[in-house]
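Here the sequence shown stands for residues 2 to 104, numbered as in my numbering.
Glycine is no exception: its CB is placed at the ideal position from the N, C-alpha and C atoms.
First up is the structure itself, then whatever we jot down about it.
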Amino acid sequence: MLKSDLINILVVKRNVTQKQAESTIETIFDSMKDALCRGENIEIRGLGAFHVKHYEGYQGRNPKTGEVIPVKPKRGILFRTGKELRDRVNQSEEPGGTSSTGA
């Protein structure tokens with residue numbers, strides 16, 4: 002699914018204009034990006050949580066030359082699914098083709 006797909010869903014389901022839908026999606030994503038850049042975690046019930054993980058710096062090696070290279074501290078983002086989403090995804094893969102979407 003692409004961001005444009007989310008915008009189209011918003012237009013169809015909520016009967017808003019394309020411009021309003023784009024603005025809404027951009028505002029949500031920009032707010033999430035800003036929060037993660039500030040080091041804040043994001044939790045969305047029913048979906049999951051984004052966590053900012055801090056990695057310490059260390060001494061790495063260039064595999065080709067063996068030269069010691071300092072690796073700077075950095076931050077990464079982890080996503081952990083919520084139980085509801087995990088259960089729903091796993092339910093749709095059960096043998097027999099049963100799915101919560103009714104397909």
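Where Thr82 is concerned, the enclosing beta strand (DSSP E) starts and stops at 75-82. Judged by DSSP secondary structure, Glu27 falls within the alpha helix (DSSP H) whose first and last residues are 19-38. Excluding sequence positions up to five before and after Leu37, its CB lies within less than 8 angstroms of the CB of Ile43, Phe51, Val53, Ile78, all in the same chain and listed in chain order.
In this chain, the beta strand (DSSP E) harbouring Arg62 covers 59-62. Shortest Cα-Cα distance from Lys73 to any of Gln60, Gly67, Thr66, Val13 involves Gln60.
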